Structures are given as C-alpha cells and as structure tokens.
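Colleague:
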Amino acid sequence: RQKSSQLSVECKWRKNLYKNGVEFAKQEQFERYKNFQNDMNIPVFIAIGIGGKGLSPEQLFIVPLSEIDSNFIHKKKLKSYEKKINSNFFFDIETNELK
C-alpha cells in the first residue's frame, strides 16, 4: 500500500552568491513561509538554483525551511543540501526529508 504526504517547495534562483551566501527572500517573505509551514503543519523546502539560468541552474540546493534561521543562508549551510543537477531525489515520508 502506498502512503502519501503533503509538502511544499518554494523555488528561487540567483545569478551568484552574495557575501558568501544567498538571500533567498525578503524578511517578510521568510516569515510568511515559516507561518505557512506552522499553519498547514507540512514541511516546506526552499529550492535554490545558483548560476546558469533560472530553468537550468549550475547548482541546486534544497534546504528544509526548518533548518533556516533567517532569509540569508551561508554557503557552508547550503553545501550540505546540494543536489546533483539532473539526478532524482525523493521525499521520505518517515523522516520528512528529501533524499
């Protein structure tokens, strides 16, 4: 029997890093994302493409909103959420992680 679960993904693209990281949203947007996650009780992920073009970034990072403290993410934190371009990943219902 298959299980299902809801999740939300907010996609962002930036041409390059700025001050060793990325500002993926304005502070007000970040707070709305957090409120949405809490109100809907579903995990939210921020997918951030860096470089290249919006539809074809050079790098892809998918960060759980629960791991983000502000609207700016330092490149050190981004690195641990990097995904290979053109590779598959899935949402693990048991752990609420994208793998």
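13 is the number of the first residue of the sequence shown in the working numbering; add one for each residue after it.
Cβ coordinates follow ideal geometry from the N, Cα and C atoms, glycine included.
Please read these numbers as outputs of a predicted model, since none were measured by experiment.
#1: Using the Cα positions of Tyr45 and Arg13, report the straight-line distance between them to the nearest angstrom.
#2: Note down, in chain order, each residue of its chain lying with its Cβ closer than 7 Å to the Cβ of Leu77, except the 5 sequence neighbours on either side.
#3: Please state whether the Cβ-Cβ distance between Ser17 and Ile74 is less than 8 Å.
#4: How would you label Tyr30, buried or exposed, when you count the other beta carbons within 10 angstroms and need 16 or more for buried?
#5: Hey, quick one: how far does the beta strand (DSSP E) through Leu72 stretch, first residue to last?
#6: Which residues does DSSP pair with Ser20 in a beta bridge?
#7: Have a look at Arg26 and Gln41 and give me their C-alpha separation to the nearest angstrom.
#8: In this structure, does DSSP put Tyr93 in helix, strand or coil?
#9: Judging by CA-CA distance, which residue of Ile54, Glu43 and Glu35 is the nearest neighbour of Thr107?
Modeller: Straight from the coordinates:
#1: If you number the sequence shown from 1, residue 45 lands on position 33. If you number the sequence shown from 1, residue 13 lands on position 1. Spanning the two alpha carbons is a distance of roughly 32 Å.
#2: As a first step, residue 77 is located in the sequence shown; it is residue number 65 there, counting from the start. Hits under 7 Å: Tyr45, Lys46, Gln49, Val56, Phe57 and Ile58.
#3: Indexing the sequence shown from 1 puts residue 17 at position 5. Indexing the sequence shown from 1 puts residue 74 at position 62. Cβ atoms of Ser17 and Ile74: not closer than 8 Å.
#4: Mapped onto the sequence shown, residue 30 falls at position 18. Tyr30 should be labelled exposed.
#5: Residue numbering aside, residue 72 sits at position 60 when the sequence shown is read from its first letter. Start and end: Gln71 to Pro76.
#6: Here the question's residue 20 lines up with position 8 in the sequence shown. The partner list for Ser20 (beta bridge, DSSP) reads Val56.
#7: Reading the sequence shown from its first residue, position 14 is the one you call residue 26. Reading the sequence shown from its first residue, position 29 is the one you call residue 41. Near 16 Å, if we compare the C-alpha coordinates of Gln41 and Arg26.
#8: Here residue 93 refers to the residue found at position 81 of the sequence shown. Reduced to three states, the DSSP call for Tyr93 is coil.
#9: On the sequence shown, position 95 is the one that residue 107 refers to. Considering only alpha carbons, the answer is Ile54.
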